[in-house]
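Working notes for the structure below.
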Amino acid sequence: MTAVLVVDDDAYLLRALRITLQAHGYDVVTAVDGRSALLAARQQPPALVILDLGLPDMDGSAVIRKLRGWSAVPVLVLSARHGSEDKVEALDAGADDYITKPFGLEELLARLRALLRRSAETEQPTVITTDAFTVDLGKRRVLRDGQDIRLTPTEWKMLEVLVRSPEKLVTQQQLLSEVWGPAYAKETNYLRVYMAQLRRKLEPEAATPRHLITEAGTGYRFLP
Numbered sequence: 001m002t003a004v005l006v007v008d009d010d011a012y013l014l015r016a017l018r019i020t021l022q023a024h025g026y027d028v029v030t031a032v033d034g035r036s037a038l039l040a041a042r043q044q045p046p047a048l049v050i051l052d053l054g055l056p057d058m059d060g061s062a063v064i065r066k067l068r069g070w071s072a073v074p075v076l077v078l079s080a081r082h083g084s085e086d087k088v089e090a091l092d093a094g095a096d097d098y099i100t101k102p103f104g105l106e107e108l109l110a111r112l113r114a115l116l117r118r119s120a121e122t123e124q125p126t127v128i129t130t131d132a133f134t135v136d137l138g139k140r141r142v143l144r145d146g147q148d149i150r151l152t153p154t155e156w157k158m159l160e161v162l163v164r165s166p167e168k169l170v171t172q173q174q175l176l177s178e179v180w181g182p183a184y185a186k187e188t189n190y191l192r193v194y195m196a197q198l199r200r201k202l203e204p205e206a207a208t209p210r211h212l213i214t215e216a217g218t219g220y221r222f223l224p
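Under the UniProt record's numbering, the sequence shown has 102 at position 102, and the numbering climbs by one with no breaks.
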């Protein structure tokens, strides 16, 4: 079943959307504020997010910006705000589509299907190849010179986060939150230790890495 995260502080609407989406074959997770939405998206990554902008703890556009720090999941904004400025802000933050309340359920379902189709068409390849090693995300395998390289679960998760965003800067805080959880967002020493281990296992010359690059003081970047 396709997982959909629905975020809205209107209990009646949240219940109605859950019932409707489940009736159409979707697996639905709900959240009533931005913090719980971001936590749910990390713990159980959805295929799509339906998001209200007027949340009690933070604006929906802020939720989108935080989500875009580590996820490309399609976001369908569902909001009572009709102004063009609100739409532009949400779309600039990273939303993929925008529906204003009140809305028709058939239109909502049609836009949801369109976003899921578009997402499937642009899915990243599951095998990433460099001149030094190959990462198979589907099989959770890493090969170097044709041989399997054994990674610890933490090493694998770090590598996975980086290779899913080729050439993009992944900040220290993003990487720590994704691998260890938000409570570890300041433990930068963890990153140095595990990155050194990854480089010893994967880079031809660990001291002069070509693929797992440090951006001093900010984060890391994977170069295929």
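Cβ coordinates follow ideal geometry from the N, Cα and C atoms, glycine included.
C-alpha gap between residue i and residue j, whole angstroms
i, j, result
"G104", "V77", "14 Å"
"residue 236", "Q173", "The chain is shown only over 1 to 224; residue 236 falls outside these bounds and no answer can be derived."
"E187", "L176", "7 Å"
"R150", "L137", "14 Å"
"R144", "P204", "10 Å"
"W180", "L38", "15 Å"
"V88", "Y98", "10 Å"
"T126", "L67", "22 Å"
"G54", "A31", "13 Å"
"Q22", "L112", "13 Å"
Residue i: first and last residue of the uninterrupted beta strand (DSSP E) it sits in
i, result
"I128", "V127 to T129"
"D136", "T134 to D136"
"S84", "Segment S84 to A93 is the alpha helix (DSSP H) holding S84; no beta strand (DSSP E) there."
"D27", "Y26 to A31"
"L76", "V75 to S79"
"D97", "D97 to T100"
"L223", "Counting along the chain, L223 falls outside any beta strand (DSSP E), and DSSP gives it neither H nor E."
"R141", "R141 to R144"
"E215", "L212 to E215"
Residue from the options with nearest C-alpha to residue i
i, options, result
"Y194", "P204, E203 and M158", "M158"
"P46", "L55, I64 and V73", "V73"
"E178", "V75, A16 and A41", "A41"
"V49", "D131, E106, V170 and S119", "S119"
"R141", "L202, Q197 and K87", "L202"
"A62", "L91, G83, N189 and T171", "L91"
"R35", "D131, P182 and T134", "P182"
"N189", "I213, L212 and G217", "G217"
Extent of the continuous alpha helix (DSSP H) to which residue i belongs
i, result
"E187", "Segment: none, E187 is in no alpha helix (DSSP H) and carries neither H nor E."
"L162", "P153 to V163"
"A23", "A11 to A23"
"G54", "Looking at the DSSP string, G54 is not in any alpha helix (DSSP H), and its letter there is neither H nor E."
"V179", "Q172 to V179"
"G34", "G34 to Q43"
Proximal residues to residue i (C-beta, below 7 Å), its chain only, five neighbours per side dropped
i, result
"A185", "Q173, L176 and S177"
"E155", "Y194, Q197 and L198"
"P56", "D9 and D33"
"T20", "L105"
Neighbourhood of residue i by C-beta, 6 Å cutoff - its chain only, sequence neighbours within 5 removed
i, result
"D8", "L14 and D52"
"A95", "I64, V75 and V77"
"L17", "V6"
"M1", "D27"
"T134", "L143"
Integer-rounded CB distance, given that residue j should sit under 8 Å from residue i
i, j, result
"P224", "P166", "5 Å"
"A80", "K101", "4 Å"
"V170", "Y220", "6 Å"
"residue 249", "L109", "Absent from the structure is residue 249, since the part of the chain shown begins at 1 and ends at 224."
Close-in-space but distant-in-sequence residues of the same chain around residue i (CB under 8 Å, 5 per side omitted)
i, result
"M58", "D33, G34 and R35"
"G60", "V7, G34, L51, D52, L53, G54, V77, S79 and A90"
"A206", "A196, R199 and R200"
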